Amino acid sequence: MRHLEVTFIVDPVLSGDEVKSTAQTYVEMLQNEGATIVHVNEIGLRPLAYPINKRSTGVYYCIEFAAETGTFIGKLELALKRDERIMRFLTVKLDKFGVKYNEDKRNGKIGKKVHKAPKEPAPVYTPKAAYVPPVDIIADDLEII
Amino acid sequence: MATKDEIKFLSNPNIGKQQKKYCRFKKFGLKHIDYKDADFLIQFINEQGKLLPRRLTGNSLKYQRRVASSVKRARHLAILPFVADLLK
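Chains as they are written, first to last, in my numbering: chain A, 1 to 145; chain B, 1001 to 1088.
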């Protein structure tokens, strides 16, 4: 079973429905070719690091799928290239570590540092009662030495 | 003769010693580098967006090559820039 991942950027000027339907066509194309879709990750609208086709933002999608052979990847990439609504795409083969990484990411095991449990509130400081010397030391008449 | 504990210096004699550099992937057992993760990959590029050499990042050859290909994929997908100014 080959695990692959295709990330593509959809034109942001399209309406939300059109963007979703664009992604849906590729999901269906993959399913028709006999690939099992593992996950469709809609990363959403993101600013681009440099303008592509005069646009400065794009809608990112990442589809992870598994298939027996890789024969349909050529067809998939050709369709992605011909589609005018898609600005860039990248197909990547995932090795077992990549598959595990994606799985852990979906389960939330990878991410920012986990915050430690909040510390117990510090014990309240109560100042000891002011020192009162025992009565017998306080002399009524002090001798001047 | 004063013993080692008794000598006091005005400035720390350990200053200037190089931190022992290690490959963070080998040390922490990270096997996969995600090209979609810009926050992680920014550690390996300089303020102009160029890849940092292995002698600065401390990576082993195997992981430096993987980092390089991940950064290049991220650049293709406009997750990282090719050329930048004051990136960090």
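For each residue, glycine too, the CB sits at the ideal point set by N, CA and C.
Bear in mind the structure is a predicted one, so any value in this text is a computation, not a measurement.
Per DSSP, the unbroken alpha helix (DSSP H) holding Y101(A) starts and ends at K96 to R106.
The segment 10-22 of chain A makes contact with the segment 54-70 of chain A; the number of CB pairs closer than 8 Å reaches 3 or more. Taking 8 Å as the upper bound for CB-CB distance, L76(A) and M1(A) are not in contact here, some 17 Å apart. By the Cβ rule, the segment 98-109 of chain A does not count as touching the segment 14-22 of chain A, because fewer than three pairs are nearer than 8 Å. Residues of the segment 65-79 of chain A with a C-beta less than 9 Å from any C-beta of chain B: none at all. The Cβ-Cβ distance between V99(A) and C62(A) does not fall below 9 Å. One alpha carbon belongs to E103(A), the other to L48(A), and they sit about 26 Å apart. By the rule that beta-carbons nearer than 9 Å mark a contact, K109(A) does not touch chain B. D1034(B) has a beta carbon lying within less than 9 Å of a beta carbon in chain A. Judged by pairs of C-beta atoms under 8 Å, the segment 1038-1049 of chain B touches the segment 1075-1086 of chain B, as three or more such pairs exist. Exposed is the label assigned to I1007(B), since fewer than 16 other Cβ atoms lie within 10 Å of its Cβ. Rounded to whole angstroms, the Cβ separation of L1041(B) and V1071(B) is 5 Å, and the two are in contact under 8 Å.
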